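For the sequence shown, the residue numbers in my numbering are 6 to 422.
Just so it is clear, CB atoms sit at the ideal spot from N, CA and C, and this is done for glycine as well.
Bear in mind the structure is a predicted one, so any value in this text is a computation, not a measurement.
Only one structure is covered here, and it is reproduced in the block below.
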Amino acid sequence: MARTATSPATRREPAQAPKRPLDETRQAWLEAFRRVRAETEARAANLSAEDQIVQSMADASPAKWHRAHVTWFFEQFLLVPHDPAYRIFDERFPFLFNSYYVAAGPRHARPQRGLITRPNGEDVRAYRAHVDAAVERFIAHVPAADAERVLAIVEIGLHHEQQHQELLLTDILHAFAENPTDPAYDPDWKAPRATQGPRGYVEIPAGIHAIGHDGRGFCFDNETPVHDELIPHVRIARHLVTNGEWLEFIAAKGYATPSLWLSDGWTTVQAEGWDAPGYWRKKDDKWHVMTLGGLRPVDHAAPVQHVSYYEADAFARFAGKNLPSEAEWETAARANVMADVFGIAWQWTRSAYLPYPGYRAPEGALGEYNGKFMISQMVLRGSSLATPEGHERVSYRNFFYPPARWQFSGLRLAEFV
Ligand SMILES: [Fe+2]
Numbered sequence: 006m007a008r009t010a011t012s013p014a015t016r017r018e019p020a021q022a023p024k025r026p027l028d029e030t031r032q033a034w035l036e037a038f039r040r041v042r043a044e045t046e047a048r049a050a051n052l053s054a055e056d057q058i059v060q061s062m063a064d065a066s067p068a069k070w071h072r073a074h075v076t077w078f079f080e081q082f083l084l085v086p087h088d089p090a091y092r093i094f095d096e097r098f099p100f101l102f103n104s105y106y107v108a109a110g111p112r113h114a115r116p117q118r119g120l121i122t123r124p125n126g127e128d129v130r131a132y133r134a135h136v137d138a139a140v141e142r143f144i145a146h147v148p149a150a151d152a153e154r155v156l157a158i159v160e161i162g163l164h165h166e167q168q169h170q171e172l173l174l175t176d177i178l179h180a181f182a183e184n185p186t187d188p189a190y191d192p193d194w195k196a197p198r199a200t201q202g203p204r205g206y207v208e209i210p211a212g213i214h215a216i217g218h219d220g221r222g223f224c225f226d227n228e229t230p231v232h233d234e235l236i237p238h239v240r241i242a243r244h245l246v247t248n249g250e251w252l253e254f255i256a257a258k259g260y261a262t263p264s265l266w267l268s269d270g271w272t273t274v275q276a277e278g279w280d281a282p283g284y285w286r287k288k289d290d291k292w293h294v295m296t297l298g299g300l301r302p303v304d305h306a307a308p309v310q311h312v313s314y315y316e317a318d319a320f321a322r323f324a325g326k327n328l329p330s331e332a333e334w335e336t337a338a339r340a341n342v343m344a345d346v347f348g349i350a351w352q353w354t355r356s357a358y359l360p361y362p363g364y365r366a367p368e369g370a371l372g373e374y375n376g377k378f379m380i381s382q383m384v385l386r387g388s389s390l391a392t393p394e395g396h397e398r399v400s401y402r403n404f405f406y407p408p409a410r411w412q413f414s415g416l417r418l419a420e421f422v
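Now the structure itself:
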């Protein structure tokens with residue numbers, strides 16, 4: 006995995022910045038560590054102890070679990086193997102808070118995370134404080150000869166925690182959407198405003214383009230290796246598909262027209278009884294949607310959210326268009342021809358989540374991070390309103406199963422000419 010130990014998470018640095026003195030590097034990492042850890046707590050601060058226990062479906066995890074799991078990640082992959090002075094906080098915790106790392110040992114069943122009322126929230130707070138203090142000591146005192154190697158683990162731990170910061174919000178929104186009182190995560194929450202201006206399609210530069218991360222600054226292993234792809238003559242929508250456009254799909258009986266759907270998609274529509282995007286419901290005969298600010302009227306001008314791959318694909322067929330491939334999307338992003346690339350909705354692509362040519366998962370348990378999921382999922386690009394600032398990249402590959410729609414997932418269209 007191409008990483009450097011001199012570019013703290015969430016901070017942008019010029020490519021090939023001169024190497025800093027070690028003390029400055031340590032200080033930068035300490036600050037980055039504190040900033041990211043504090044953001045997790047800030048996001049959880051809106052939630053009561055009861056909110057933090059709930060697990061509303063197998064795919065979602067309790068907020069308390071997220072806070073503990075990201076802490077376990079530093080304990081398991083940084084402190085235990087690299088800090089001889091570190092003492093495990095509680096021998097029971099690795100079983101409870103390991104997610105899917107088979108090489109890191111046995112783990113609790115994912116669908117039953119919501120049953121763990123103890124350790125309680127106070128125990129998790131103490132666990133975080135214990136690991137925070139140990140990581141900060143470690144960053145301050147790690148021998149110079151080991152610094153680059155182990156600070157790279159701090160770096161991936163911070164990016165990992167940022168991913169869970171997003172999940173903390175998507176998972177609690179799912180739980181709140183199950184609550185008949187429509188609770189708001191934040192009553193003052195404001196939806197990000199989409200770019201206005203002329204809609205339509207823009208040309209993507211056709212030809213052979215480099216796709217993937219070039220190794221300057223942090224990336225996850227699944228963004229590598231950088232490789233050439235042939236981009237056809239295709240145009241991409243400047244804007245994201247809106248709720249207003251989605252209402253046209255609903256009005257045209259899109260959810261009841263089997264010819265628009267992939268076979269698995271149609272089976273899912275029928276099994277789930279879908280007739281609108283996730284979290285949409287009719288109130289006083291008007292469509293409303295559950296948001297982080299509670300139940301609100303659907304804004305026709307806003308980009309659609311909480312659609313599955315199946316729905317995105319059906320909508321594209323309805324519109325007589327296509328979804329872009331991830332390579333087309335990345336080429337367009339690098340050419341700066343799209344609006345709302347980041348910060349509103351992840352955008353489904355028509356690309357299956359597969360290894361790039363020559364990809365090899367890293368050695369060891371961290372090799373399980375991305376590589377073993379490269380089957381049966383689809384790639385989303387961009388970032389969403391829940392993505393922490395500084396976590397987005399043009400080469401970033403998010404991935405979910407085709408029926409998933411509890412993420413902030415939308416789409417933009419492409420057309421072949
Ligand atoms: Fe994780």
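Separation of Arg130 and Tyr361 (C-alpha to C-alpha, rounded to the nearest whole angstrom) is 40 Å. Relative to Asp226, the option among Gly395, Leu52, Gly376, Val107 whose CA is nearest is Gly376. Between Val147 and Arg31, the CB-CB gap stays under 9 Å. Here Gln352 carries a strand assignment [DSSP, helix/strand/coil]. Taking every protein chain shown into account, the CB of Asp345 has 16 or more other CB atoms within 10 angstroms, so this residue is buried. Per the CB criterion, closer than 6 Å to any heavy atom of ligand 1, the qualifying residues run in chain order as His74, Ser104, His165, His169. In the same chain as Leu174, and ignoring 5 residues on each side of it, the C-beta atoms closer than 8 Å to its own belong to Arg48, Tyr190, Leu297, Ala391, in chain order.
Listed in chain order, the alpha helix (DSSP H) runs fully inside the region 364 to 408 amount to none, counting runs of at least 4 residues. Between Gly415 and Ser388, the beta carbon gap of about 12 Å keeps them out of contact (Cβ cut-off 8 Å). The straight-line gap separating the alpha-carbon atoms of Lys287 and Ala337 is approximately 37 Å. The residue from Arg402, Leu35, Leu52 with its alpha-carbon nearest to that of His218 is Arg402.
Closest in C-alpha terms to Ala145, from the list Leu418, Ser330, Glu394, Trp34, comes Trp34. If you draw a straight line from the Cα of Glu316 to the Cα of Asn51, it is about 32 Å long.
By alpha-carbon distance to Pro116, the top candidate from Gly126, Leu101, Gly110 is Leu101. In the displayed model, His232 falls within a strand according to three-state DSSP.
Contact annotation, Ser53 with His74: C-beta distance approximately 20 Å; criterion of less than 8 Å not satisfied. Within the same chain, Cβ atoms closer than 6 Å to the Cβ of Glu80 are found at Val136, the five residues on either side in sequence being excluded.
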